[in-house]
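Engineer:
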Amino acid sequence: MTRSPRFIPFAVLDESVALAWVRNLHRDRNGDWALSCTLRGTETGQMKEVVVPFGMAPALALGRIYNDGFLSLATQMGSLGQVFIAALQDTEYVTLSDVPADVFSDKMPRKSQQKLLLCRTPGLDVYIPPLELVRRLFLHERVLANVILRHGGLADLCVPVPAGHVQNLALEFTSAMPQKLLTEAFVREFAWLAAHPVGAASWNSVARLSNPEDGILLMPPELGGFTMTFRGLFGEGAALVYEILSLPGKSHGFHRLQYNHPAIKKKGARIADSASTNLQESEQEKASARVQKDFHIEGAPSRARGDPDFANWLRAGSDFINRQGSVRRQPLPMSSPRGSRSNATERQEAESVTSAETPQRESIKVSVSDISTIPQLPPLSFRTIQLASPDYIGDLEPLVDTLRRLQDLLPSTTTVSSSICAMPENSPLALAGNHRRPCLIATFTSVGKPPTVLLEIDHTGLTALSALGLHALTQVNSARVESYIVTALESLESNGHWPNNIEEIGKDEFKTQRIKRMLRHSSRSKSPEYQTKWAAMLIDKLKL
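Under our numbering, read the sequence shown as residues 1406 to 1949, first letter to last.
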């Protein structure tokens, strides 16, 4: 059995505590999500409010007891029940105040406007906290909790695949997915939420609908014809769900599934030399894509790291109606020592092996749309910044395509605009060879939020220049944004570095963020998969 981590916020009282309720959803200035939890002492009944990172959600089953911060198998509240669900998607949103008073032990109605899902069945109205449904459906591991509230967050863990029923499904996990989690059961669950049309639609709805005002929300998946087992409170003709113990309505969307991971290598192949430039770049990419960890939680929303990752180890049984479809691990070819063959030859052979052994690989390419099918971004207009000549855009074309892919991952309420402009004439980096050096400026605007700007320079002749994310602290007009961009561009040093005090420039109005090595893997920068991965990473890095 997987060892539960010790949750420091749940060790605040001099006794064991039960998780009595989960209230508000928070997001701090760093973009980290957190939940407010109400704890009740098991002996004294003393109440305590604590805030925990959302990554802890897989362990937040109402009524469960924590001993000195360690999650136990014991429960303090609720009785077991079963109900037949004809169509889970037919539920409706109500509030906690709508739950009949006789459900509660004190027979007192609640006045909270916190959202609940009401599933009406013959003889029993079932009230389900949306977080509990999300937890049962999707949050099998903390790595999933860490990405579910980010649009396109799954691209950090796996190359995106098109949602649909297929004969052969291929999942290509990234190094951000801990290899130890890739059991057959987990891969089946991941395939349902990432590639099944029902699971993927419901998963994507969580990031789209959830917000601090209403809390965790989702579009319930189209599942039905099953008996749900749960623990909760019961009244006359009504029940409030605390923990869903089984929800066996899922079906597989594939006949055969193959998956691979960077750590799964072919036997007998040789390992690349550690000094290889390609290996170094690969390791840097892995580091940048790694999911933040919060294993030993000290309190407020955080990005604290730790190992091992923890699973929702209270989960028992499978939520699938049956176990149709085979699941097979597909090893990746290992690279050979530096100098023995050219990089181009290695890439060709790797592509040949992958194509021969996993013909369904084509489905992965389809999943990241042909860039010609994605709409162009609206152009930006400036008063003083000149547009670059269309005859030379340097190495910025992959970023333009990446931003279009990024726009595809964002909700319609966020607008992305961009233009390729010319560096200021008085900048020491005004020229790239015989050309006026271009720079790309992109703005991200959402209703009710200050704008965010991404600034990237053509790297021709440069090696260490980072991109900049510029976050307006309050609503500012376009003239102030343009003025700040010009100030930042003119501050560039002749060696291609931003000045050490770049974060101090205009700090009363803007927060400056360095984004290192963006799309710098030149051999992959035009790859749809690589661009989609960076699109998702930019959504995370820029907190869009």
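Glycine included, C-beta positions come from ideal geometry on N, C-alpha and C.
So, is MET1461 buried or exposed, given that buried needs 16 or more other C-beta atoms within 10 angstroms?
Structural biologist: Your numbering for residue 1461 matches position 56 in the sequence shown. Buried.
Engineer: Here's the rule I'm using: 16 or more other beta-carbon atoms within 10 Å means buried, otherwise exposed. How should LEU1878 be labelled?
Structural biologist: Against the sequence shown, residue 1878 aligns to sequence position 473. Classification for LEU1878: exposed.
Engineer: Taking PRO1446 as part of the beta strand (DSSP E), name the residues at either end of that continuous run.
Structural biologist: Numbered from its first residue, the sequence shown carries residue 1446 at position 41. What sits at residue 1446 in the sequence shown is Gly, not Pro. 1438-1446 is the extent of the beta strand (DSSP E) around GLY1446.
Engineer: Can you name the residues that DSSP bridges to GLU1426?
Structural biologist: In the sequence shown, residue 1426 corresponds to position 21, counting from 1. Before going further, note that residue 1426 is Trp rather than Glu in the sequence given. Paired residues: THR1443.
Engineer: Helix, strand or coil, according to DSSP, for ASP1530 in the structure here?
Structural biologist: In the sequence shown, counting from the first residue as 1, residue 1530 sits at position 125. In this structure, ASP1530 counts as strand in the three-state DSSP scheme.
Engineer: Within 10 angstroms of the Cβ of ALA1605, are there 16 or more other Cβ atoms? Answer buried if so, exposed if not.
Structural biologist: Position 200 of the sequence shown holds residue 1605. Result: buried.
Engineer: Could you check which residue in PHE1631, PRO1795, THR1807 and MET1828 has the C-alpha nearest to that of GLN1781?
Structural biologist: For the purposes of this step, residue 1781 is taken as the residue at position 376 of the sequence shown. Considering only alpha carbons, the answer is THR1807.
Engineer: Using a Cβ-based criterion (distance less than 8 Å to any ligand heavy atom), does ILE1490 qualify as near the ligand ZN?
Structural biologist: Only the bare structure without any ligand can be found here, which leaves the ligand ZN out of the picture.
Engineer: Which residue's Cα is closest to the Cα of VAL1852: GLN1481, TRP1939 and VAL1821?
Structural biologist: The residue you call residue 1852 lines up with position 447 of the sequence shown. Of GLN1481, TRP1939 and VAL1821, the residue nearest in Cα terms is VAL1821.
Engineer: Tell me PRO1458's beta-bridge partners as DSSP assigns them.
Structural biologist: Position 53 of the sequence shown, counted from the start, is the residue given in the question as residue 1458. Answer is ALA1439.
Engineer: What is the DSSP secondary structure of GLY1486, counted as helix, strand or coil?
Structural biologist: Indexing the sequence shown from 1 puts residue 1486 at position 81. Three-state result, GLY1486: strand.
Engineer: Counting Cβ pairs closer than 8 Å, one from the region 1622-1639 and one from the region 1470-1478, do we hit at least three?
Structural biologist: Segments in contact, no.
Engineer: Give me the DSSP bridge partner(s) of PHE1915.
Structural biologist: In the sequence shown, the residue the question calls residue 1915 occupies position 510. Answer is ALA1877, bridged to PHE1915.
Engineer: Tell me which same chain residues have a C-beta within less than 7 Å of the C-beta of LEU1943, skipping the five on either side of it?
Structural biologist: Position 538 of the sequence shown, counted from the start, is the residue given in the question as residue 1943. So the list reads LEU1811, once near-sequence residues are dropped.
Engineer: Considering only the beta carbon of each residue, do PRO1795 and SER1930 sit closer than 9 Å?
Structural biologist: The residue you call residue 1795 lines up with position 390 of the sequence shown. The residue you call residue 1930 lines up with position 525 of the sequence shown. The answer is no: Cβ separation not under 9 Å.
Engineer: Starting from the C-beta of HIS1601, find all residues in its chain whose C-beta is less than 7 Å away, skip the five residues before and the five after it, and write them out in chain order.
Structural biologist: The sequence position of residue 1601 within the sequence shown is 196, counting from 1. Result list for HIS1601: ALA1568 and GLY1658, in chain order.
Engineer: How far does the beta strand (DSSP E) with SER1607 in it reach, from first residue to last?
Structural biologist: For the purposes of this step, residue 1607 is identified with residue 202 of the sequence shown, where counting begins at 1. Taken as a continuous stretch (DSSP letters only), SER1607 belongs to no beta strand (DSSP E), being part of the alpha helix (DSSP H) at 1602-1614.
Engineer: Go through the region 1828-1887 residue by residue and report every complete run of the alpha helix (DSSP H) that reaches 4 residues or more, in order.
Structural biologist: Runs of the alpha helix (DSSP H) inside the region 1828-1887: none found.
Engineer: With C-beta atoms as the reference, is ALA1355 less than 9 Å away from LEU1628?
Structural biologist: This structure gives no information on residue 1355, because the portion of the chain shown stretches from 1406 to 1949.
Engineer: Short check: CB of GLN1729 to CB of PRO1626, under 9 Å?
Structural biologist: Your numbering for residue 1729 matches position 324 in the sequence shown. Your numbering for residue 1626 matches position 221 in the sequence shown. No, they are not a contact pair.
Engineer: Please report how far the alpha carbon of ARG1922 lies from the alpha carbon of LEU1801, in whole angstroms.
Structural biologist: Within the sequence shown, the letter at position 517 stands for residue 1922. Within the sequence shown, the letter at position 396 stands for residue 1801. If you take the alpha carbons of ARG1922 and LEU1801, they lie about 13 Å apart.
Engineer: Taking 9 Å as the threshold (C-beta atoms), are GLY1799 and TYR1734 in contact?
Structural biologist: Here residue 1734 refers to the residue found at position 329 of the sequence shown. Here residue 1799 refers to the residue found at position 394 of the sequence shown. Before going further, note that residue 1734 is Arg rather than Tyr in the sequence given. Contact: no.
Engineer: Decide yes or no for the touch test of the region 1608-1618 against the region 1443-1451: beta carbon pairs closer than 8 Å, at least 3 of them.
Structural biologist: Contact fails: fewer than three Cβ-Cβ distances are below 8 Å.
Engineer: Below 8 Å, how does it come out for the region 1783-1794 and the region 1875-1893: are there three or more Cβ pairs, yes or no?
Structural biologist: With the cut-off at 8 Å, the region 1783-1794 and the region 1875-1893 touch.
Engineer: Considering Cα atoms alone, identify which of ALA1506, GLU1914 and LEU1465 is closest to THR1480.
Structural biologist: Counting from 1 along the sequence shown, the entry for residue 1480 is found at position 75. Here the closest residue by C-alpha is LEU1465.
Engineer: Spatial neighbours of ASP1530 within its chain, please: C-beta separation below 7 Å, excluding the five flanking residues on both sides.
Structural biologist: Indexing the sequence shown from 1 puts residue 1530 at position 125. Excluding sequence neighbours, ASP1530 sits near LEU1523, GLY1642 and ALA1643.
Engineer: Could you give the residue range of the beta strand (DSSP E) that holds ARG1661?
Structural biologist: What you label residue 1661 is simply residue 256 of the sequence shown in a count that begins at 1. 1659-1665 is the span of the beta strand (DSSP E), which, as asked, contains ARG1661.
Engineer: Between which residues of its own chain and GLU1895 is the CB-CB distance below 7 Å, once the five residues before and five after are set aside?
Structural biologist: Here the question's residue 1895 lines up with position 490 in the sequence shown. Around GLU1895: PRO1829, ASN1831 and SER1832.
Engineer: Which of helix, strand or coil does DSSP assign to ILE1702?
Structural biologist: Sequence index remark: in the sequence shown, residue 1702 carries index 297 (1-based). Because ILE1702 carries a pLDDT of 36, less than 50, the predicted location of this residue cannot be relied on, and the following value inherits that uncertainty. It is coil, neither helix nor strand.
Engineer: Between which two residues does the beta strand (DSSP E) harbouring LEU1476 extend?
Structural biologist: Here residue 1476 corresponds to residue number 71 of the sequence shown, with the count starting at 1. 1475-1480 is the extent of the beta strand (DSSP E) around LEU1476.
Engineer: With burial defined as no fewer than 16 other Cβ atoms inside 10 Å of the residue's Cβ, what is the status of LEU1645: buried or exposed?
Structural biologist: Position 240 of the sequence shown, counting from 1, holds the residue named residue 1645. Buried: at least 16 other Cβ atoms inside 10 Å.
Engineer: Which partner residues does TYR1498 have in the DSSP bridge list?
Structural biologist: Looking up residue 1498 in the sequence shown gives position 93. According to DSSP, TYR1498 bridges with LEU1522.
Engineer: Excluding the 5 residues preceding and the 5 following LEU1622 in the sequence, name in chain order all residues of the same chain whose CB lies nearer than 7 Å to its CB.
Structural biologist: On the sequence shown, residue 1622 is found 217 positions in, with the first residue counted as 1. These residues qualify, in order along the chain: LYS1520, PRO1535, LEU1614 and SER1615.
Engineer: DSSP on GLY1637, reduced to helix/strand/coil?
Structural biologist: Numbered from 1 along the sequence shown, position 232 holds the residue referred to as residue 1637. Correct three-state label for GLY1637: strand.
Engineer: Can you tell me whether DSSP reads THR1819 as helix, strand or coil?
Structural biologist: Sequence index remark: in the sequence shown, residue 1819 carries index 414 (1-based). DSSP places THR1819 in strand when its eight states are reduced to three.
Engineer: Taking the alpha helix (DSSP H) that VAL1646 falls in, what are its first and last residues?
Structural biologist: Working through the sequence shown from its first residue, we reach residue 1646 at position 241. Run containing VAL1646: none in the alpha helix (DSSP H); it sits in the beta strand (DSSP E), 1643-1651.
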